[in-house]
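Chains U and D, in that order, give the protein sequences. Using UniProt numbering, the first residue of the first sequence is number 1, and each one after it goes up by one. Using UniProt numbering, the first residue of the second sequence is number 1, and each one after it goes up by one. Using N, Cα and C, we set each Cβ at its ideal position, and we do this for glycine too. Following: one structure in structure tokens, then a few remarks.
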Amino acid sequence: MQWQDEGIIIGVKRHGEGSVILELMTKGHGRHLGLVRGGRSPRQQATLQAGNRVDAVWRARIEEQLGTYAVEAVTLNTARFLGVSVALYGLASAAALLRLLPERDPHPGLFEALGVLVDHLDDTSIAPALLVRFELAMLAELGFGLDLGACAATGATAELVYVSPKSGRAVSAAAGAPFHGRLLALPAFLRDDRSYDHPTSAEVVAGFALTGYFLRRHVFMPRGLAWPDARDLFVAQIRD
Amino acid sequence: MASPIGPEIERLIQLLARLPGLGPRSARRAALTLIKKKEQLLVPLAEAARITAERVLVCTSCGNIDTADPCTICCDMRRDPTLLVVVEDVADLWALERAGVINARYHVLGGVISALDGIRPEDLNLDRLVARAAEPGLTEIVLALNATVDGQTTAHYITDLLSPYPVKITRLAHGVPVGGELDYLDEGTLAAAIRQRTTF
Numbered sequence: 001m002q003w004q005d006e007g008i009i010i011g012v013k014r015h016g017e018g019s020v021i022l023e024l025m026t027k028g029h030g031r032h033l034g035l036v037r038g039g040r041s042p043r044q045q046a047t048l049q050a051g052n053r054v055d056a057v058w059r060a061r062i063e064e065q066l067g068t069y070a071v072e073a074v075t076l077n078t079a080r081f082l083g084v085s086v087a088l089y090g091l092a093s094a095a096a097l098l099r100l101l102p103e104r105d106p107h108p109g110l111f112e113a114l115g116v117l118v119d120h121l122d123d124t125s126i127a128p129a130l131l132v133r134f135e136l137a138m139l140a141e142l143g144f145g146l147d148l149g150a151c152a153a154t155g156a157t158a159e160l161v162y163v164s165p166k167s168g169r170a171v172s173a174a175a176g177a178p179f180h181g182r183l184l185a186l187p188a189f190l191r192d193d194r195s196y197d198h199p200t201s202a203e204v205v206a207g208f209a210l211t212g213y214f215l216r217r218h219v220f221m222p223r224g225l226a227w228p229d230a231r232d233l234f235v236a237q238i239r240d
Numbered sequence: 001m002a003s004p005i006g007p008e009i010e011r012l013i014q015l016l017a018r019l020p021g022l023g024p025r026s027a028r029r030a031a032l033t034l035i036k037k038k039e040q041l042l043v044p045l046a047e048a049a050r051i052t053a054e055r056v057l058v059c060t061s062c063g064n065i066d067t068a069d070p071c072t073i074c075c076d077m078r079r080d081p082t083l084l085v086v087v088e089d090v091a092d093l094w095a096l097e098r099a100g101v102i103n104a105r106y107h108v109l110g111g112v113i114s115a116l117d118g119i120r121p122e123d124l125n126l127d128r129l130v131a132r133a134a135e136p137g138l139t140e141i142v143l144a145l146n147a148t149v150d151g152q153t154t155a156h157y158i159t160d161l162l163s164p165y166p167v168k169i170t171r172l173a174h175g176v177p178v179g180g181e182l183d184y185l186d187e188g189t190l191a192a193a194i195r196q197r198t199t200f
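Structure below.
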């Protein structure tokens with residue numbers, strides 16, 4: 001068995017004295033693990049860091065095996081991230097979400113979204129909004145996508161300012177007014193028309209509250225998984 | 001076929017094979033050498049291992065391992081009391097001590113934050129670090145953590161954690177290693193070296 005694919009490193013785990021187990025989000029093979037022999041050598045260490053984009057060749061005798069990776073650097077993003085706490089927390093948060101996906105299940109849309117995210121993670125003016133969008137994409141891929149295009153009560157497509165915590169559908173200002181305290185806020189930058197793309201930090205925090213609510217309710221709590229610390233640290237950083 | 005080696009020797013080989021850097025073959029060679037040099041090696045090694053097992057302690061102040069608590073480093077009055085170096089592991093502390101480049105006290109975290117390894121902030125020796133940061137006389141904390149995603153994530157977390165305390169937080173420089181040739185360096189290291197260039 002052998003294939004070649006583009007991938008973004010989302011995790012590296014030591015294995016034995018000199019090797020590492022590499023966790024890649026690949027374009028055509030989804031989240032895929034493999035062993036890199038000699039991965040802890042000084043020559044390979046800089047490449048084998050989470051956030052880097054690599055060209056990977058995976059080989060195994062049979063498909064069920066862990067297999068081995070041979071990787072070549074395409075874009076070394078990690079060095080840019082090391083001095084930026086938001087970038088590191090964002091990367092860890094995105095990786096924690098990607099680990100919710102089953103292994104070897106292709107998600108080309110998520111791969112593209114992750115690519116955009118890692119390209120801009122050290123740009124604190126857009127990275128938070130990109131991570132919120134990434135979380136929305138994750139919810140959709142996990143089968144819990146939010147419907148933010150029209151009001152669940154009236155069908156209106158304008159003045160959408162709430163999301164129903166029960167249905168995950170948008171609610172217009174007029175229809176939601178009587179239930180204001182029970183609805184989640186829909187920040188303008190998440191509306192389907194994307195007419196407003198420069199959110200304030202308060203709007204981004206509202207975006208994280210929205211995605212966080214559904215991630216907890218539909219994904220982390222039913223699976224009994226610990227909530228990722230990195231996400232809370234990321235939100236705390238952008239709130240400051 | 002029965003093993004040509006007695007169960008005691010087989011057990012010795014199995015235990016040696018669990019040490020870092022030793023596989024079953026090298027463990028056999030090591031065991032054979034120990035047995036051949038019984039008086040010079042095997043007996044003193046067994047005695048040293050027994051005494052270490054009896055006396056080894058983790059320093060309640062810094063997390064270092066020693067046979068005394070507080071450890072020898074914490075008790076050393078010649079060390080600069082204004083400087084504290086935070087390291088991931090005792091191996092890093094030993095590496096800095098071998099280099100002899102800093103005359104400071106240390107704080108061993110016992111790991112770094114890693115989602116993949118399931119290590120969370122509460123698993124690290126951070127409460128004691130916060131307590132030490134509040135001690136009078138300390139002016140600088142050096143975060144000597146690995147230049148990896150996990151190492152630097154932990155460094156940022158500690159920086160945020162210690163922000164209420166009036167101590168200067170510094171970290172190790174990233175850049176060209178001694179003996180490093182620019183042609184062979186990765187772009188990330190070169191970029192870090194250019195960003196952190198100093199006046200010559």
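For residue i, which residues of its own chain have a beta-carbon under 7 Å away from its beta-carbon, when the five flanking residues on both sides are left out?
{"i": "A192/D", "result": "H174, G175"}
{"i": "A144/D", "result": "V85, V86, V87, D92, L96, L172"}
{"i": "L42/D", "result": "L34, I35"}
{"i": "I141/D", "result": "L84, V86, A133, L162, V167, I169"}
{"i": "D69/D", "result": "L57, C59, T60"}
{"i": "L130/U", "result": "V116, L117, H120"}
Check the C-beta distance from residue i over to residue j and give it rounded, since I have them as a contact under 8 Å.
{"i": "I10/U", "j": "A50/U", "result": "6 Å"}
{"i": "M1/U", "j": "E63/U", "result": "5 Å"}
{"i": "F144/U", "j": "F220/U", "result": "With a Cβ gap of about 12 Å, F144/U and F220/U do not count as contacting."}
{"i": "N125/D", "j": "L138/D", "result": "N125/D to L138/D, Cβ: 16 Å. No contact."}
{"i": "G7/U", "j": "A87/U", "result": "No, G7/U and A87/U are not in contact; Cβ-Cβ is about 19 Å, not under 8 Å."}
{"i": "S93/U", "j": "F179/U", "result": "30 Å between Cβ atoms; not a contact."}
{"i": "D186/D", "j": "A46/U", "result": "4 Å"}
{"i": "residue 244/U", "j": "V149/D", "result": "The requested residue 244/U does not occur in the structure, where chain U is confined to residues 1 to 240."}
Taking a contact to mean a Cβ-Cβ separation below 9 Å, would you say residue i touches residue j in this structure?
{"i": "A170/U", "j": "S164/U", "result": "yes"}
{"i": "E23/U", "j": "H15/U", "result": "no"}
{"i": "T67/D", "j": "L83/D", "result": "no"}
{"i": "V205/U", "j": "F189/U", "result": "no"}
{"i": "G34/U", "j": "A73/U", "result": "no"}
{"i": "V36/U", "j": "Y69/U", "result": "yes"}
{"i": "L148/U", "j": "R191/U", "result": "yes"}
{"i": "F208/U", "j": "E135/U", "result": "yes"}
{"i": "A31/D", "j": "L19/D", "result": "no"}
{"i": "G188/D", "j": "L76/U", "result": "yes"}
{"i": "C62/D", "j": "R98/D", "result": "no"}
{"i": "D160/D", "j": "K13/U", "result": "no"}
Can you list, in chain order, the residues of its chain whose CB lies under 6 Å from that of residue i, leaving out five sequence neighbours each side?
{"i": "M138/U", "result": "L97"}
{"i": "G18/U", "result": "G38, R40"}
{"i": "P228/U", "result": "S93, A96"}
{"i": "Q4/U", "result": "V57"}
{"i": "G28/U", "result": "D5, P106"}
{"i": "R80/U", "result": "D122"}
Helix or strand or just coil, what does DSSP make of residue i?
{"i": "E23/U", "result": "strand"}
{"i": "Q2/U", "result": "strand"}
{"i": "L57/D", "result": "strand"}
{"i": "I65/D", "result": "strand"}
{"i": "R11/D", "result": "helix"}
{"i": "G30/U", "result": "strand"}
{"i": "P44/D", "result": "helix"}
{"i": "E112/U", "result": "helix"}
{"i": "V74/U", "result": "strand"}
{"i": "E140/D", "result": "strand"}
{"i": "T157/U", "result": "coil"}
{"i": "R53/U", "result": "strand"}
{"i": "D80/D", "result": "strand"}
{"i": "S164/U", "result": "coil"}
{"i": "S114/D", "result": "strand"}
{"i": "I62/U", "result": "coil"}
{"i": "Y165/D", "result": "coil"}
{"i": "T170/D", "result": "strand"}
{"i": "T148/D", "result": "coil"}
{"i": "L35/U", "result": "strand"}
{"i": "V235/U", "result": "helix"}
{"i": "R80/U", "result": "helix"}
CB-CB under 8 Å to residue i, same chain, minus the five flanking residues each way: which ones, in chain order?
{"i": "D123/D", "result": "G110, G111"}
{"i": "T154/U", "result": "S172, A174, A175"}
- Just by C-beta distance, which residues in the region 177 to 200 of chain D are closer than 7 Å to chain U? D186, E187, G188, T189, A191, A192
- Query: What residues from the region 66 to 83 of chain U come within 9 Å of chain D, judged by C-beta to C-beta, listed N to C?
  - Reply: A73, T75, L76, N77, T78, A79, R80, F81, L82, G83
- With 9 Å as the C-beta to C-beta threshold (strictly closer), list the residues of the region 139 to 160 of chain U near chain D in chain order. none
- Task: Identify each residue in the region 97 to 119 of chain D for which the Cβ-Cβ distance to at least one residue of chain U is less than 9 Å, and report them in chain order.
- Result: I113, S114, A115, L116, D117, G118
- Item | Where the region 10 to 27 of chain D meets chain U: residues whose CB sits under 8 Å from a CB there | P20, G21
- Message: Beta carbons nearer than 9 Å to chain D: which residues of the region 30 to 60 of chain U have them?
- Response: P42, R43, Q45, A46, T47, Q49, A50, G51, N52
- Query: Which residues, taken in chain order from the region 140 to 153 of chain D, show a beta carbon closer than 7 Å to some beta carbon of chain U?
  - Reply: A147, T148, V149, Q152, T153
- Between the region 33 to 47 of chain D and chain U, which residues of the former have a C-beta closer than 8 Å to a C-beta of the latter? none
- Task: Scan the region 173 to 206 of chain U for residues whose Cβ lies nearer than 8 Å to a Cβ of chain D and list them as they occur along the chain.
- Result: none
- Item | chain D contacts from the region 208 to 221 of chain U (Cβ-Cβ distance under 9 Å) | none
- Query: Listed from N- to C-terminal order along the chain, which residues in the region 99 to 110 of chain U have their beta-carbon within a distance smaller than 8 Å of any beta-carbon of chain D?
  - Reply: R99
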